[in-house]
Structure formats: C-alpha cells, structure tokens
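A.B. asks: In this note's numbering, the protein residues as written are 1 to 78.
C-beta atoms are modelled at their ideal positions from N, C-alpha and C, and glycine is treated no differently.
It should be emphasised that the depicted structure is a prediction, and the values quoted were computed from it without experimental measurement.
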C-alpha cells in the first residue's frame with residue numbers, strides 16, 4: 001500500500017492547473033506521481049490516509065463506486 005507523500009503533493013500542486021481544488025489535484029497526483037490507474041487502488045490509498053479520508057468524506061464518497069462515478073462523470077457510453 002502506498003502512503004501519500006504530502007510534501008511531494010505540495011510541490012506537484014504548485015504546477016497544477018487545478019490549484020483551487022485539493023481533491024482534484026490529489027487525484028491527478030495519484031495518477032501522475034504514483035502511476036495509479038485503478039479507482040480501487042486510488043480509493044484504498046485515500047482510505048488509509050487521514051487527510052485524504054477527510055477529502056472523500058467532504059464529497060460524500062464512501063465507496064470505490066462513488067469515486068469511480070466522480071472520475072468518469074464526463075464520459076458517457078454510446
């Protein structure tokens with residue numbers, strides 16, 4: 001299990017286009033810095049970190065499915 005390095009996150013955030021939303025920056029950070037592609041892996045990593053867990057709770061994301069819906073909200077299958 002990966003532990004989120006918040007110092008690396010802060011550095012990453014400086015160059016992010018989404019600076020105003022820490023949660024979106026965190027998702028990009030997990031994808032980029034840790035090469036995470038699985039919503040399950042991302043969710044489990046956030047579940048094991050107090051700060052990230054607060055971010056999930058604030059957005060009422062209580063399952064992998066909730067995170068997956070958020071990640072793919074702009075996509076529609078046709």
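From 62, 55, 33, 65, pick the residue whose C-alpha is nearest to that of residue 21; which is it?
C.D. replies: 55
A.B. asks: Need the endpoints of the alpha helix (DSSP H) that residue 161 sits in, please.
C.D. replies: Absent from the structure is residue 161, since the part of the chain shown begins at 1 and ends at 78.
A.B. asks: Check residue 75 in the structure and name its three-state DSSP category.
C.D. replies: Coil at residue 75, not helix or strand.
A.B. asks: Near residue 34, which residues of its chain fall below 8 Å by C-beta distance, leaving aside the five closest residues on each side in sequence?
C.D. replies: In the same chain as residue 34, and ignoring 5 residues on each side of it, the C-beta atoms closer than 8 Å to its own belong to 2, 45, in chain order.
A.B. asks: Which same chain residues end up closer than 6 Å to residue 9 when comparing Cβ atoms and leaving out the 5 residues on each side of it in sequence?
C.D. replies: 29
A.B. asks: For residue 62, which of helix, strand or coil comes out of DSSP?
C.D. replies: coil
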